[in-house]
Amino acid sequence: MTDFPARPLRDDARLPLVVDAPAAGRDLAGFTRTHRQAIEARVLAHGAVLLRGFAVADVAAFDRFVGALTDDRLDYLYSSTPRTALGDRIFTATEYPAALDIPLHNECAYQRDWPMKISLCCLQPAATGGETPLADMRGVGARLGEALLDRFESRGVRYVRHYHPLMDVPWQKSFQTDDRAEVERICHERGIACDWLAGDVLRTSQACQGTVRHPATGERFLFNQAHLFHVSALGAAAPAMLRQFGANRLPRHAFFGDGGEILPADLDAVREAFKAEAIVFPWQAGDVVLADNLQVAHGRRPFRGQRKVVVALLEGRTTPREALCFASEPVVA
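First residue of the sequence shown? That's 1 in the numbering used here, and the numbers climb one at a time after it.
This is the structure:
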């Protein structure tokens, strides 16, 4: 295994580990082909690496890096945020308005099919703001304590979504089809309960994992997006949303996997733990982050000016059926 120099971005945090280009303008794909095993070892040990100073000026260069790393890329099927496809399973980062903060989260933790790794590439930093904060999930778990992690592990999280027209991501975008039968096929294949309501509203419900154990280390990590989907995430906007849709027709909501209510105080604890563990650094053009999606959460700070960050989801995993014994209804194979 060919190694290379690396340095911590901050002395008080294990991530991200910075790998500087050995020479200005070095091709990242070529470097990765030579050092792939060492890069992956550093990601496992530190949670995330920041590859900096390489020649990554466009989507094509990022695509070549991803191709040098792995053939296992994921699509954004059953998506929860708006994105634009830019090539072979390369996507824009979430296209929410620039003024919004995107809280820290683990990618695709709201479903049973998720990536083991995620890579983000900054092609154009924002004029101000727009950082992609990272959080060490070891620190998050330590702040939450074993009792809360036990609750999420034993009960899981159920995500209930109502795809109302002109509200949030339409079902046609989320499932990448206009065909209701195809939506139903995808849902059955992925263990998602679905039905159609009046007004072309699709309702989905899926019980998913609350925690995941790392396949390489055995460590237990919080791995869900209840803090984003639960109505309490709406803050001051929650009462108006409840008046408009009612508690049973919210665009998004989260429960325990057995259907029980999740205490807002528990979700507040999750949000505070993420905030406390946030590691924020300014993007530089051409920066590439490769992160272990179990060990590291990511988000987005508000920004001004043009910003272009692209992303790839790598090394697909599926939470096994036998891990979903908490579900309050039969799990669809």
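Cβ coordinates follow ideal geometry from the N, Cα and C atoms, glycine included.
None of the values given here were measured: they were computed from a predicted structure.
query: Taking buried to mean at least 16 other C-beta atoms within 10 Å of its own C-beta, is Pro22 buried or exposed?
result: With fewer than 16 Cβ atoms within 10 Å of its Cβ, Pro22 is classed as exposed.
task: Quick one: grab the DSSP three-state call for Gln295.
output: coil
- request: For Val43, collect the residues of the same chain with a Cβ closer than 8 Å to its Cβ; drop the 5 residues on either side in sequence, then sort them by chain order.
  value: Closer than 8 Å at the Cβ level, and outside the excluded window around Val43, lie Val49, Lys117, Leu290, Ala291 and Asp292.
Beta-carbon contacts of Leu314 that lie in its chain and below 8 Å, excluding the five residues immediately before and after: Val66, Leu69, Thr70, Asp72, Arg73, Leu74, Pro115, Met116, Lys117, Ile118 and Ser119
- prompt: What does DSSP give as the partner residues of Pro115 in its beta bridges?
  reply: Gly316
message: How far does the alpha helix (DSSP H) with Thr34 in it extend, from its first residue to its last?
response: For Thr34, the uninterrupted alpha helix (DSSP H) run begins and ends at Leu28 to His46, by DSSP.
task: Would you kindly report the start and end of the unbroken alpha helix (DSSP H) that includes Phe223?
output: Per DSSP, Phe223 belongs to no alpha helix (DSSP H) and is neither H nor E.
query: Under a three-way DSSP split, which group does Asp58 fall into?
result: coil
- request: For Phe274, I'd like the list of residues in its chain whose CB is within less than 7 Å of its CB, leaving aside the five on either flank, ordered along the chain.
  value: Pro103, Leu104, Ala135, Val140 and Ala297
query: Cα separation between Thr34 and Asp27?
result: 11 Å
task: Tell me whether Tyr78 is buried or exposed, calling it buried when 16 or more other Cβ atoms sit within 10 Å of its Cβ.
output: buried
- request: Would you tell me roughly how many angstroms separate the C-alpha atoms of Ala60 and Ile39, rounded to the nearest one?
  value: Their backbone Cα atoms lie some 21 Å apart in a straight line.
- request: Excluding the 5 residues preceding and the 5 following Cys187 in the sequence, name in chain order all residues of the same chain whose CB lies nearer than 6 Å to its CB.
  value: Its chain contains Cys194 as the residues whose beta carbon lies nearer than 6 Å to that of Cys187, once the 5 sequence neighbours on both sides are disregarded; these appear in chain order.
query: Alpha carbon to alpha carbon, what distance is there between Leu17 and Gln37?
result: 15 Å
Supposed close pair Glu131, Phe281 - CB separation, criterion 8 Å: 6 Å
query: In chain order, what residues of the same chain have a beta carbon less than 7 Å from the beta carbon of Ala323, not counting five sequence neighbours either side?
result: Gln209
query: Can you check whether the CB of Gly299 is closer than 8 Å to the CB of Pro97?
result: no
query: If we call anything under 8 Å between Cβ atoms a contact, is Thr84 one with Thr92?
result: yes
query: Which one of Gly286, Arg317, Pro302 and Arg307 has the shortest CA to CA distance from Ala29?
result: Gly286
task: List the residues that DSSP assigns as beta-bridge partners of Trp196.
output: Leu202
- prompt: Nearest to Asp168 by alpha carbon, out of Ala276, Leu250 and Val270?
  reply: With distances taken between Cα atoms, Asp168 lies closest to Leu250.
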